[in-house]
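Following: one structure in structure tokens, then a few remarks.
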Ligand code: GUN
Ligand code: ZN
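Numbering (my numbering), first residue to last: 20 to 478.
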């Protein structure tokens, strides 16, 4: 179908367009429903997009009579999936990925705090925000829940960059009023006021959302946590984003700092910070009672395996978060720069190994669910993102399961014909894949990243 010409004589992109090829998404949670019912695989499918949203989705055979002459891009020997969702990441820590030798509290003092100081300079923050977003997109991540730095201008720079790219991003200014260098601390009142101003400016601006972001209980006084809770009351659909129970020394310190609280989570709970839209990163050392409370409250955990291994924090209990009795919303987080990769494939790889070390299994479909629809549910975005349901926003990725010589050797070019063949191929995607595997990333139906074509010398 030819494209219409606008008055300026330029060719307008067609308002309805389609992508043809193999698709995988999730329509239910494979931790609870059989994989045959929760994973949806269409070997020859068509995704029809209008105004950035999904207008139709199904087999090419079913849709060809209605949409066969729509402008179509066909991807052969590729797998389309919903864009990945990273439920915990720090954009100012991009440059300090792979910082040697320390565990959490020393790592914060030695590396994270001095790096975040640089984000007082808005021009610098702008530059890193662009690098960060480039990295997300080339790794197939289209949405993330993001820590900025304490400086409001670091949030401004981030949201401005995300808005220009039409990305769905949730972010917030870090709040700290103790146990951090003076140059990063401010009063509880000042953090409250600055956060309020940022919420009023950015929350629901296009695809952007705001997260009230107390760093963790160690760096916020009870007063500051209460102020954060007040903001959640004043703006009921903003998010809350923090860390919890990542490291044993951290947990012990919180106990000492909050003697009147019944554990770490209770320090947040007493401030009104444990409810829906509240996302807690790590949770490696949560107690049974804390898992139960998070389940009741509808809060979410961001499981960050590359970070938990790199910082020696411990092994997250996936099976407890996904228990039948007290299910907790769960997503995957890269936790850059405590984490070691922007790739949610690599993050899923390490999640699988964390499960192995605990004598548990994480199936490839479970892992990919966490990276897509599971992440959307953890961030209360499942109405608009997470799979290829009609009406949702068309953020998706094009994966090459034969992207390296070894992957090409490992995986046959033919599209899998059974669920177990597919499981085998996508398991190799998780274990061997990374940014090299992401051929293209689409945001609201428009191409936002495309890998330069590269010929492997030995292929
Ligand atoms: N706990 C408090 N701050 C941080 C941080 O920046 N990274 C990680 N991994 N944990 C934290
Ligand atoms: Zn973190």
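No residue lacks a Cβ here, since even glycine has one placed at the ideal position from N, Cα and C.
Not one heavy atom of the ligand GUN sits closer than 6 Å to the Cβ of residue 223.
Straight-line spacing of the CA atoms in residue 407 and residue 59 works out to 10 Å. When Cβ pairs closer than 8 Å are counted between the two stretches, the segment 283 to 294 is seen not to touch the segment 355 to 367, the count staying below three. Non-local C-beta neighbours of residue 240 in its own chain, meaning closer than 7 Å and more than five positions away in sequence, comprise 196, 197, 207, ordered along the chain. As computed with DSSP, residue 223 is found in no beta bridge at all. Between the segment 340 to 352 and the segment 435 to 447, the count of Cβ pairs shorter than 8 Å is below three; the stretches do not touch. Residue 183 is classed as exposed because its beta carbon has fewer than 16 other beta carbons within 10 Å across all chains shown. Between residue 202 and residue 218, the CB-CB gap reaches or exceeds 7 Å. Distance from the CA atom of residue 316 to the CA atom of residue 293, rounded to whole angstroms, is 6 Å. Per the coordinates, the alpha-carbon of residue 76 lies some 46 Å from the alpha-carbon of residue 130.
Check the Cα spacing between residue 210 and each of 231, 227, 431: the tightest is with 231. Collapsing the DSSP output to three states places residue 393 in a helix. According to the DSSP assignment, residue 97 belongs to the beta strand (DSSP E) that extends over 90 to 101. Distances between the C-beta of residue 357 and the heavy atoms of the ligand GUN include at least one below 6 Å. Only residues of its own chain outside the window of five on either side were considered, and among them 39, 63, 64, 65 have a CB closer than 8 Å to the CB of residue 79, listed in chain order. Within the segment 283 to 345, the complete beta strand (DSSP E) segments at least 3 residues long are 297 to 301, 319 to 322, listed from N- to C-terminus. Distance between residue 306 and residue 170, taken at the CA atoms: about 34 Å.
DSSP places residue 171 within a helical segment (H, G or I) once states are collapsed to three. DSSP links residue 137 through a beta bridge to no other residue. If you ignore the 5 residues before and after residue 168, its C-beta comes within less than 7 Å of the C-beta of 111, 135, 138, 193, all in its own chain and listed in chain order.
Uninterrupted alpha helix (DSSP H) stretches at least 4 residues long and entirely within the segment 406 to 452 occur at 424 to 429, 438 to 451, given in chain order. Exclusion of the five residues before and after residue 455 leaves 422, 423 as the residues of its chain whose Cβ lies within less than 7 Å of its Cβ. Only residues of its own chain outside the window of five on either side were considered, and among them 290, 291, 292 have a CB closer than 6 Å to the CB of residue 248, listed in chain order.
Relative to the ligand ZN, the nearest heavy atom lies less than 6 Å away from the CB of residue 354. In the three-state reduction of the DSSP assignment, residue 46 falls in the coil class, being assigned neither a helical nor a strand state. The Cβ atoms of residue 322 and residue 310 do not sit closer than 7 Å to each other.
By the neighbour-count criterion, in which 16 or more other beta carbons inside 10 Å mark a residue as buried, residue 86 falls on the buried side. The Cβ neighbour count for residue 301, taken over all protein chains shown within 10 Å, is at least 16; the residue is labelled buried.
Distances taken from the Cβ of residue 319 to the heavy atoms of the ligand ZN include none shorter than 6 Å.
If you look at residue 120, you'll find it isn't in any alpha helix (DSSP H); DSSP assigns it neither H nor E. Excluding its 5 nearest sequence neighbours in each direction, residue 394 has C-beta neighbours in its own chain below 6 Å: 104, 106, 350, listed in chain order.
Straight across, the Cα-Cα distance linking residue 191 with residue 61 is about 38 Å.
Annotated as proximal: residue 71 and residue 464, with beta-carbon spacing under 7 Å.
Here the C-alpha atom of residue 459 lies approximately 7 Å from the C-alpha atom of residue 466. Linking residue 145 to residue 166 through their CA atoms gives a straight-line distance of about 15 Å. Residue 364 is positioned such that its CB atom lies closer than 7 Å to that of residue 453.
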